[in-house]
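Chains A and B, in that order, are what the protein sequence lines are. Mapping to the numbering used here: the first sequence position 112 is 112, numbers consecutive. Mapping to the numbering used here: the second sequence position 39 is 1039, numbers consecutive. Have a look at the structure below, then the notes.
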Amino acid sequence: MPHIEVVGHQLAEALRRYSADYIEAHLEESQSSHITYRGRELESIGRTTVIGGNVRALVRGGWGFVSFNNLDELPGKVELAVKQAGLVSNGESELAAVEPVVDTVPAKIDKNPVAMPLTEKKQLLDEYNDIIWHTPKLQTSIIGYSDSHKKTIFLSSSGSYIEQERADINLRLTAVATEGNEVQQTGLSIGSRGDFKAITNRHQQVEQMSRHAVELLSAPQVKGGEYTVVLDPVLAGVFVHEAFGHLSESDFVYENDRLRQIMTLGKKFGSSELNIVDSAAVAGLRGSYKYDDEGVPATKSYLIREGRLVGRLHSRETAAKMKEKPTGNARAINYRYPPIVRMTNTYIEPRTASFEDIIGDIKEGIYAKNWYGGTTSMEMFTFSAGEAYMIRNGKIAEMLRPVVLTGNVFATLNNIDAIGNDLEMNQGGGCGKGGQAPLPVSNGSPHIRIRHCLIGGK
Amino acid sequence: MENILEQAKKVAEEAEVFMVSSEETPVQFEANRLKHIQNKRSSSVALRIVRQGKIGYATTTEMDDSQNLVNNAVETAQFGMTAKFELPSLTAYPRVEAYDPDVESVSLEKMIELGEKLITTVREHTPDILCEAEATKGVVSVRIINSRGGQANYRKSIFSLGIEGTLIRDTDMLFVGESESSCHPLLETKAVAEAVLQQLELAKNRASAPSQSLPVVFTPNGAASALILPLMAAFNGKTVLEGASPIGNRLGQPVFDKKLWLWDDPTVAYRPGSRPCDDEGIPSQRTPLIKQGTVANFLYDLQTAARAHTQSTGNGSRNRGGLPSPSPSAFVIAPGKTSFDEMVNDIKEGLVIEQLMGATQGNILGGDFSGNVLLGYKVESGKIVGRVKDTMVSGNIYQILKQITAIGSETKWVGGFLNTPPLYCPSVAVASK
């Protein structure tokens, strides 16, 4: 089969010949490897090669989309996408104007992680697994490692032709402890934009995580109810992603008049200390890139500045419909999906409070750290902490079973009354939306304090 | 495929080639309007080999690059797990109906009409609701061949219809939704639309729940969102083998309420989870998991079964294109004798849970769940009085399913992977603002 570069140049010529308001194509070539452990033994190891692509067409406001692995007979696929778009067409095509771009963006990594010998990857995982298994009372471990190296070509009927390369590494370690019928687990997620060194030298963290799983067996469960809660940077990052980030994605908002009223720019959402940013333009994080999957350059977008809503995330279509500037946030996890509005690297900007300042005057509260996961329904969010402690009289007290926090976004942002000085970005995990998961993103925050947060429990 | 197998046999003791190709056509509505028509075709081939006793694995979408595929599998086999299993030789398969040629011939125009009708019906009831809808048709073909002469091949059709509605009043949001799937075309929108209208009716008024333990009825959707994932993890033979399943050493013992019966069943005619064999070519079977509250079986693929000194239950699944691993096909819970209305009538003060958000982010292995009530209703003196919000429901499935007040008489399919009646539980922890 021909390389995607050859096919790309042929297709670029052809795209202009069809009668659609706009046509774009994505071609993709990727290699990946994975290693998983369940228990002592390596469970699965494999290599994957993928070639695929898609064509997306816009006709009078309607979209057609065709994805495929077979790169033969591309004109027929373009025709099908245009025909589907024609069936949908029921309005005006609106796309925010962007300059056509011709560019080549290399992966900028020293070493392609996929090409590294499997022995080297396995050795690191063996070391981590040994640490987990050396922990007394530990029942088993689950380790999932994956890496990928991907070359994509984006081309459009308006003349863009962008080749981008990126690499990604994701590692998730889970320790499971049991006693009688009790089962407890803890996890650690780390990742990087292709730099294998970023996941090495984590032995101490792995050891802590393993010990923690065992300690949880004898920890009490918190009584459900409202608490003052302090979140560590990892969990606060998940919170900003879940609770506010998804609400800033304009595809939820642009055709929803009531939500548009709620999300009016200038509206106050939190204290004047609160700044929330999404930026794919910061280099080297898992959500970083130069151009999004519509060929729009990445930007740094303030979503909340000094407590007020000042921006949101856009695709070309949502930007045009809301008469705002495109932000370069249209992303697809791979060629099987059309790009949709997504976050990149999302974080709360640091302020001045130290950790002691934040917990010092809490009589009874909860310190929640680390994460299992989180989800949102726009208005309501839930996220779960992997680690939790009571705070009593300004001091960290006894350990608790993992807690689930929930709340109303609008009330909760307003209830953030202290923001720390210790911003950290978390590179583990991934984001899911519209059936597209896991998308590489990062999120971060300093320590934050939230008043009146609802915790599930006994 | 045959040439991949031939090449692999030259360098390995055993080899198996698995090929899957699919075509899927979703027709999508956004903000009450037709927005997107897609056509997704994909094909990939996976090679599993046993070389010097160890398992090697590689996949590709490039059918004509068999040498690279074989090389990759050989490289990984140096590190792979020791193979304990034997691939199946030529086997007879049960007749499982999962393909209806009529699915492919449903026209795009007809699918558009279905979506429009769903949205129109819901908006006639509630004009200011914003709906997303989807009608999807698809066909999947699977073919497996191996070095012991085993071969399997089948086709499956899938049609699904779904709608989600959002109703916003000030900053209050209500989410309703329903979907249905089948291997037959679904050309009637009535059942899906009516379920949504009923949710809208029940959610019209607001009610508040106290922070205390309350009787709770989990509807089929509610059970799927809170209780089923921990069960699926616990009955997974791999979790059992690792000693991480709370019921792993309780085979033959009463763990659940006596009224509870559960099967894994890939043989129900025309259900999306059905197939004549699993992804390793092992014939499909209906496996009892809970019999009258007693743990009856766990689910296995070939390798896990061999390591656990038992037989595969035909549950080898290649989720996300990886090596086969035990996975349920469809969980089926037997109906009981009590109607949903009788359950509600029986409650003085309690909840009906239709959707619990984020319930299974916690310690799934231990059976814990804790989630925000995305859609749920308050029951007072035997009547649903309105929708509850800002409410968390938490518990442990082993405590909750140990004593069930009643199991519903009406079963429903949820998401193609679960068939269950409503479950009425006497006491579940509720926390609210």
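The beta carbon of each residue, even a glycine, is placed where N, CA and C say it ideally should be.
- Between the beta-carbon of residue 334/A and that of residue 442/A there is about 19 Å, and that puts the pair past the 8 Å contact cut.
- Secondary structure within the stretch 48-117 of chain A: the alpha helix (DSSP H) runs of 4 or more consecutive residues, fully enclosed, are 74-88 (chain order).
- Around the beta carbon of residue 90/A, fewer than 16 other beta carbons sit within 10 angstroms, so the residue counts as exposed.
- Below the 9 Å Cβ cutoff, chain A contributes 178, 181, 182, 183 as neighbours of residue 1246/B, in chain order.
- Straight through space, the alpha carbons of residue 1097/B and residue 1001/B are spaced by roughly 26 Å.
- The beta carbons of residue 413/A and residue 237/A sit no closer together than 7 Å.
- About 14 Å separates the beta carbon of residue 1221/B from that of residue 1333/B, a gap too long to meet the 8 Å contact definition.
- For residue 211/A, the uninterrupted alpha helix (DSSP H) segment begins and ends at 203-216.
- With 16 or more other Cβ atoms inside 10 Å of its own Cβ, residue 251/A counts as buried.
- Between the stretch 1078-1088 of chain B and the stretch 1299-1315 of chain B, the count of Cβ pairs shorter than 8 Å is three or higher; the stretches touch.
- Distance from the Cα of residue 388/A is smallest, within the candidate group 227/A, 308/A, 277/A, 352/A, for 227/A.
- Bridge pairing for residue 154/A: 26/A, 162/A [DSSP].
- Residue 1071/B sits in a helix when the DSSP states are folded into three classes.
- DSSP, read as helix, strand or coil, puts residue 196/A in helix.
- Beta-carbon to beta-carbon, residue 1416/B and residue 1273/B are separated by about 5 Å, close enough to satisfy the 8 Å threshold.
- Taking 7 Å as the Cβ-Cβ cut-off, the stretch 402-426 of chain A approaches chain B at 402, 404, 406, 408, 410, given in chain order.
- Shown here for residue 3/A: same chain residues with a beta carbon closer than 8 Å to its own, the five before and five after excluded, namely 29 in chain order.
- In the DSSP secondary-structure assignment, residue 426/A is bridged to 443/A.
- In summary, residue 293/A is buried, with 16 or more beta-carbon neighbours lying within 10 Å of its beta-carbon over all protein chains present.
- For residue 341/A, the secondary structure class from DSSP, reduced to helix, strand or coil, is strand.
- Residue 1187/B and residue 326/A have their C-alpha atoms roughly 40 Å apart.
- Taking 7 Å as the Cβ-Cβ cut-off, the stretch 47-58 of chain A approaches chain B at 47, 48, 49, 50, 51, 52, given in chain order.
- The DSSP assignment places complete alpha helix (DSSP H) segments of no fewer than 4 residues inside the stretch 1372-1410 of chain B at 1397-1400, in order along the chain.
- A distance below 7 Å separates the beta carbons of residue 406/A and residue 454/A.
- Taking 4 residues as the minimum length, the stretch 1115-1196 of chain B contains no alpha helix (DSSP H) run wholly inside it.
- Using a Cβ-Cβ cut-off of 7 Å, residue 244/A is close to nothing in chain B; its nearest Cβ partner there is about 14 Å away.
- For chain B, the residues of the stretch 353-385 of chain A that bring a beta carbon within less than 9 Å of one of its beta carbons are 371, 372, 373, 374, 375, 376, 377, 378, 379, 380, 381, 382, 383, 384, in chain order.
- In the three-state DSSP reduction, residue 1368/B falls in the strand class (E or B).
- In this structure, residue 449/A sits near residue 230/A, with a CB-CB distance shorter than 7 Å.
- For the 7 Å CB-CB criterion, residue 1388/B and residue 1378/B form a contact.
- Put simply, of 281/A, 21/A, 144/A, 399/A the residue whose alpha carbon is nearest the alpha carbon of residue 95/A is 21/A.
- For residue 1058/B, the C-beta contacts it makes with chain A under 9 Å involve 46, 47, 48, 49, in order along the chain.
- Taking the C-beta atoms as reference points, residue 35/A is found no nearer than 7 Å to residue 57/A.
- Neighbours of residue 1238/B in chain A, taken as residues whose beta carbon is under 7 Å from its own, are 38 in chain order.
- Cα atoms of residue 202/A and residue 1130/B: separation of roughly 47 Å, rounded to the nearest angstrom.
- Residues of the same chain with a CB within less than 7 Å of the CB of residue 1327/B, apart from the 5 flanking positions on each side, are 1315, 1317, 1319 in chain order.
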